[in-house]
Amino acid sequence: MLALVVAHLVMAGLLPVVSARSRRAAFGVAAVLPGATLIWALANAREALGPGLEATTGWAPALGLEFSFRLDALGLVMIILVAGLGALIFAYSAGYFGRKSRDAPRSAALLLAFAGAMLGLVLADDLLTLYVFWELTSIASFLLVGQSGEHRANRRAALQAVLVTVFGGLSMLMGIVLLGEAAGTYRISQIVAAPPSGAMVTAALVLILLGALTKSAQLPFHPWLPAAMAAPTPVSAYLHAASMVKAGVYLVARLSPAFADRAVWWVPVVVLGLGTMLLGGWRALQEIDLKRLLAFGTVSQLGFLMVLLGAGGRIAAMAGLTLLLAHGLFKAPLFMVVGTIDKITGTRDIGELSGLGRQLPALAAVAGLAGMSMAGIPPLLGFVGKEAAFEAFLHEGGTRGWTVALGLLAGSVLTAAYTARFLWGAFAAKPGVEAREVSRPTLALTVPTWIAALGGLALGAGYPLVDALADGYATAYPAGDDALAAGYHLALWHGLGLPLAFSAVAVLGGLALHARRTAVNVVHTRLRHPVSAQRGYEAVVAGLERLAVRVTGRVQVGSLPTYLAILLITVLVLPGTALLIGGQWPDDQMPFHSLIQLPLGLMVIIAALALVRAHRRFTAVLLVGAIGYGIGGLFIVDGAPDLALAQFLVETLTLVAFVFVLRRLPAHFAENTSSSGTRIRKALIAGAGGILVAIAGVVLSGAREAPPATSAEFVRLAPEAGATNVISAILVDFRALDTVGEITVLLIAAAGTASLVLATRHDRRRDGQVKSGSGSPEHEEELLR
Amino acid sequence: MTASPNTPERVPWKQWDEPSGQWMLPGEHPPTAERTLLLEVVVRILFPTVLVFSLYLLIVGHYGPGGGFSGGLVAGLAFVLRYIAGGGTDLGARVGSRIRLRPPMLVGVGLSIAVLTALAPTAFGAPVLASAKLSVAVPVVGDVDLVTSLFLDVGVYLLIIGVVLDLLRSLGSGIERDAQGAGERS
Numbered sequence: 027m028l029a030l031v032v033a034h035l036v037m038a039g040l041l042p043v044v045s046a047r048s049r050r051a052a053f054g055v056a057a058v059l060p061g062a063t064l065i066w067a068l069a070n071a072r073e074a075l076g077p078g079l080e081a082t083t084g085w086a087p088a089l090g091l092e093f094s095f096r097l098d099a100l101g102l103v104m105i106i107l108v109a110g111l112g113a114l115i116f117a118y119s120a121g122y123f124g125r126k127s128r129d130a131p132r133s134a135a136l137l138l139a140f141a142g143a144m145l146g147l148v149l150a151d152d153l154l155t156l157y158v159f160w161e162l163t164s165i166a167s168f169l170l171v172g173q174s175g176e177h178r179a180n181r182r183a184a185l186q187a188v189l190v191t192v193f194g195g196l197s198m199l200m201g202i203v204l205l206g207e208a209a210g211t212y213r214i215s216q217i218v219a220a221p222p223s224g225a226m227v228t229a230a231l232v233l234i235l236l237g238a239l240t241k242s243a244q245l246p247f248h249p250w251l252p253a254a255m256a257a258p259t260p261v262s263a264y265l266h267a268a269s270m271v272k273a274g275v276y277l278v279a280r281l282s283p284a285f286a287d288r289a290v291w292w293v294p295v296v297v298l299g300l301g302t303m304l305l306g307g308w309r310a311l312q313e314i315d316l317k318r319l320l321a322f323g324t325v326s327q328l329g330f331l332m333v334l335l336g337a338g339g340r341i342a343a344m345a346g347l348t349l350l351l352a353h354g355l356f357k358a359p360l361f362m363v364v365g366t367i368d369k370i371t372g373t374r375d376i377g378e379l380s381g382l383g384r385q386l387p388a389l390a391a392v393a394g395l396a397g398m399s400m401a402g403i404p405p406l407l408g409f410v411g412k413e414a415a416f417e418a419f420l421h422e423g424g425t426r427g428w429t430v431a432l433g434l435l436a437g438s439v440l441t442a443a444y445t446a447r448f449l450w451g452a453f454a455a456k457p458g459v460e461a462r463e464v465s466r467p468t469l470a471l472t473v474p475t476w477i478a479a480l481g482g483l484a485l486g487a488g489y490p491l492v493d494a495l496a497d498g499y500a501t502a503y504p505a506g507d508d509a510l511a512a513g514y515h516l517a518l519w520h521g522l523g524l525p526l527a528f529s530a531v532a533v534l535g536g537l538a539l540h541a542r543r544t545a546v547n548v549v550h551t552r553l554r555h556p557v558s559a560q561r562g563y564e565a566v567v568a569g570l571e572r573l574a575v576r577v578t579g580r581v582q583v584g585s586l587p588t589y590l591a592i593l594l595i596t597v598l599v600l601p602g603t604a605l606l607i608g609g610q611w612p613d614d615q616m617p618f619h620s621l622i623q624l625p626l627g628l629m630v631i632i633a634a635l636a637l638v639r640a641h642r643r644f645t646a647v648l649l650v651g652a653i654g655y656g657i658g659g660l661f662i663v664d665g666a667p668d669l670a671l672a673q674f675l676v677e678t679l680t681l682v683a684f685v686f687v688l689r690r691l692p693a694h695f696a697e698n699t700s701s702s703g704t705r706i707r708k709a710l711i712a713g714a715g716g717i718l719v720a721i722a723g724v725v726l727s728g729a730r731e732a733p734p735a736t737s738a739e740f741v742r743l744a745p746e747a748g749a750t751n752v753i754s755a756i757l758v759d760f761r762a763l764d765t766v767g768e769i770t771v772l773l774i775a776a777a778g779t780a781s782l783v784l785a786t787r788h789d790r791r792r793d794g795q796v797k798s799g800s801g802s803p804e805h806e807e808e809l810l811r
Numbered sequence: 047m048t049a050s051p052n053t054p055e056r057v058p059w060k061q062w063d064e065p066s067g068q069w070m071l072p073g074e075h076p077p078t079a080e081r082t083l084l085l086e087v088v089v090r091i092l093f094p095t096v097l098v099f100s101l102y103l104l105i106v107g108h109y110g111p112g113g114g115f116s117g118g119l120v121a122g123l124a125f126v127l128r129y130i131a132g133g134g135t136d137l138g139a140r141v142g143s144r145i146r147l148r149p150p151m152l153v154g155v156g157l158s159i160a161v162l163t164a165l166a167p168t169a170f171g172a173p174v175l176a177s178a179k180l181s182v183a184v185p186v187v188g189d190v191d192l193v194t195s196l197f198l199d200v201g202v203y204l205l206i207i208g209v210v211l212d213l214l215r216s217l218g219s220g221i222e223r224d225a226q227g228a229g230e231r232s
């Protein structure tokens, strides 16, 4: 399974080569891998529904880290969404993006990388593996929403999405660590089999829920999802309807069998889920942009799924899994329909679209088919799921059961209403709005839409298939002695009963609400939102910025001597005190053990003293170089040629870098204007710092009591690692991870230096005029050379 | 290059030893740079030698002083020499006719090689960063031991060269223009 995930990522890296030749071919190639994944998953369905298919690759056994994957019923459903809908959306993208589109190569590669990350997320059986893929999807979403970064709306939406989801992700990481430590394992299957308990676990669950709620755009974090609609429609259809936003729901579904009976788990999930469902549905009723209407619909549906999968209980779990599948199969085609409408008419505004249904009956039909599933009309999959959802809570009864059931009914009424509003807004002939002449959408746009929508119909009619999946997931919930719950199966016809009545009320109520849409609009305008989640987000971000400005203003005073003094005093106070208390001067300390050390040491000391007296910057730089070479010489005397070589080379390079910088600075140091008192204080601090370091060097190196165990081991093992030079063996073998880390730091440092220096270049003198302000395009050219 | 050295009475003294020929590969010069024959000839001779020496350091690192870090620094210093003699126009090398190798790319390639070397053992079921010794029989030379961790060193080598070139590119950017602006050239 790791191979499948890696194949996605590698393929994504290679995709730009294909898109350089043909944009469409790139999307076609990209569709192959998700398609293959779907086939692989379906071929293993029998095993997945039974014991589950496992695969583990240890990648750092010493740290106990491994990639462990597991395919089970829930994973299979998510793969149908991620890979199945993914393949369809790649096909759709081939028609959506133009042949010359500049966004297409980037989007194709990122979408495929996202598909790989999402696949890893749903297959992961290790909480840390899951977390890594979780954040990768957030990053992919950021890049896909941001697109080229040329539009303000894209940038803002991308930033909001990434801030909210990564905030949740980080808190989730804390929760994961707490949970993993409490359980003694990070394997999800083991944690679910034997859930730990205690105060630490309670905290862990709250933190994990925070991650799940932000990712799935639940109250009060939901505004990022409608804002993310700034992305191209295929991206929205894939990430923000079918797969990524389901990650939070998925995580809840994954852990619910273990924790759903705890109030700390189900109360926030059910309360916030219901609230989100109602709020999302209500907000969808006032949207005039078809895409944002669907986005609020998604928010609402995600709340619905949260309630079902977080409440616990066998029937609710079955309903949740069914609706999880159904939602992907109706929301993705609806988004594709919006994309098609946007593409052929150039607008998504309800007020500007009219009479499209008569001109494009096929498109209206496919939208209607998907919409029926969304509203919960038989014989579509949405109906099957909703029926089970009502049954779950009506059967449970009691205060909780009835409250939730009535809440779901209200949410379903709203769902039916915004479905009607969507279909009416997109296709109905509206009086006073002129119908536009439109061209027919291409096959690449319509065929994937039809396949996805017909999937909802086929699975609705063929509900036993879904029942097998849902049953496979719901076995994790012990039904106890409840015969009805234990024997419940999905079906189109359960006989006359309350659930059917609820379904009917939902559809009829929704239609009635839509019929009175002008009255609804009036209520909308009257209801001013005193508390807005979007404003809350903005206030938090603005507050953080203000705080950052204040802290930076306090800490960064802009005086180099002050910084140095703070650093030195800290060193003097903390390690200095420790040294005074615990340090012991070694008895066998010799002044020197080789005569050549004397001239070298003398050279370093003289250069250091001269450095203090130097007036010209260039002299100072040369003297610093002399000190460095002198120390390099001392290294040679002490038998460290590797160290000395590196020291000489770095010293030389530093000299060159200094010379480059010096040409921007005055030749002489500024006249010292500070009073003699300040100067003496500076000299005292600097001198004390230097002496402390010298003493620390002697004391610490003399503090070793036994010969180091590891270095002897290194020397013994070095030939085995193919190196007779033990330094090299340490660098590239024994401590290779450190080396990789260090060169990464170098990369960051180089990038930072280049950006800082080049960023200040644009206000240089040019043609006798000093230009300042933002860089011009030709300036950028020069930098990128 | 307007005046020829054969007519010294017309050439300002600062340009007396300016070479008129192309001494360094690829031979392009910023028209504003001052040229000195001595430096260019020395660089022309030293540059390839130092590069070869840096490769030697890279490979010998397993057996003596050297390694990717030192080798990369030596190669970087060769480029520094070249930069001082020839200016900054040739900091990005061309590979073939289409791919242009810029310093940041070199840094990225270096890190990629290092990370891929680190991850590669997992494909063979070994833990991350494990190394293996491969013995290859080369005719004439005899058995050659190749340690896979050499690739990590190659990554470090490339990255260091890239860092040095990037430093030159950024810190040295616009050096000719500044010289002009400051009136250092007539």
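Keeping their order, the protein sequence lines are chains A and B.
All you need for this note's numbering is the position in the first sequence, starting with 1, plus 26.
All you need for this note's numbering is the position in the second sequence, starting with 1, plus 46.
The C-beta atom is built at its ideal place from N, Cα and C for all residues, glycine as well.
- If you draw a straight line from the Cα of residue 195/A to the Cα of residue 472/A, it is about 36 Å long.
- Residue 138/A and residue 95/A have their C-alpha atoms some 20 Å from each other.
- When only Cα atoms are considered, residue 601/A and residue 611/A end up about 16 Å apart.
- For residue 184/B, the uninterrupted beta strand (DSSP E) segment begins and ends at 179–184.
- For residue 418/A, no chain B residue has a C-beta closer than 8 Å to its own C-beta; the minimum C-beta separation is roughly 44 Å.
- With a cut-off of 8 Å on Cβ pairs, the segment 274–294 of chain A is not in contact with the segment 175–187 of chain A, counting fewer than three such pairs.
- Listed along chain A, the residues sitting closer than 9 Å to residue 109/B by beta-carbon distance are 749, 750, 751 and 754.
- Residue 207/A and residue 81/A have their C-alpha atoms some 23 Å from each other.
- Ranked by Cα distance from residue 234/A, the options 186/A, 295/A, 347/A and 255/A are led by 295/A.
- Within chain B, the residues placing a beta-carbon under 8 Å from that of residue 672/A are 115, 116 and 119, ordered along the chain.
- When the alpha-carbon of residue 159/A is set against those of 769/A, 170/A and 145/A, the nearest one is in 145/A.
- Across the set 625/A, 650/A and 621/A, the C-alpha of 650/A shows the shortest separation from the C-alpha of residue 635/A.
- Here DSSP, grouped into helix, strand and coil, assigns residue 550/A to helix.
- In the displayed model, residue 520/A falls within coil according to three-state DSSP, outside both helix and strand.
- Taking a C-beta distance under 8 Å as the contact criterion, residue 314/A and residue 411/A do not qualify as a contact pair.
- Residues of the segment 77–111 of chain A with a C-beta less than 8 Å from any C-beta of chain B: 83, 84, 85, 86, 87 and 88, listed in chain order.
- Chain B places a beta carbon closer than 8 Å to that of residue 676/A, counting this residue as a contact.
- Listed along the chain, the chain B residues whose CB falls inside 7 Å of the CB of residue 686/A are 217 and 218.
- Cβ neighbours of residue 427/A within its own chain (closer than 7 Å, five residues either side excluded): 419 and 420.
- Shown here for residue 594/A: same chain residues with a beta carbon closer than 8 Å to its own, the five before and five after excluded, namely 711, 712, 714 and 715 in chain order.
- Collapsing the DSSP output to three states places residue 424/A in a helix.
- Judged by beta-carbon spacing, residue 73/A lies within the 8 Å limit of residue 79/A, meaning their Cβ atoms are closer than that value.
- For residue 79/A, the three-state secondary structure derived from DSSP is strand.
- Along the segment 146–160 of chain A, there is no position whose C-beta sits under 7 Å from a C-beta of chain B.
- In this structure, residue 195/B lies away from residue 216/B, with their beta-carbon atoms at least 8 Å apart.
- At least one C-beta of chain B is nearer than 8 Å to the C-beta of residue 759/A.
- DSSP places residue 764/A inside the alpha helix (DSSP H), whose first and last residues are 762–785.
- When only Cα atoms are considered, residue 158/B and residue 59/A end up about 24 Å apart.
- Inclusion of residue 142/A and residue 219/A in the CB contact set at 8 Å is not warranted, their separation being larger than that value.
- Interface annotation, residue 166/B: not in contact with chain A, CB-CB separation never under 8 Å.
- Within chain A, the residues whose beta carbon sits less than 7 Å from that of residue 205/B are 769, 772 and 773, listed in sequence order.
- DSSP places residue 100/B outside any beta strand (DSSP E); the residue lies instead in the alpha helix (DSSP H), whose first and last residues are 83–106.
- If you draw a straight line from the Cα of residue 780/A to the Cα of residue 724/A, it is about 38 Å long.
- Under the Cβ distance rule, residue 784/A counts among the residues neighbouring chain B, one pair being separated by less than 8 Å.
- For residue 763/A, the chain B residues whose C-beta falls within less than 7 Å of its own C-beta are 175, listed in chain order.
- Here residue 252/A is buried. Its C-beta has 16 or more other C-beta atoms within 10 Å.
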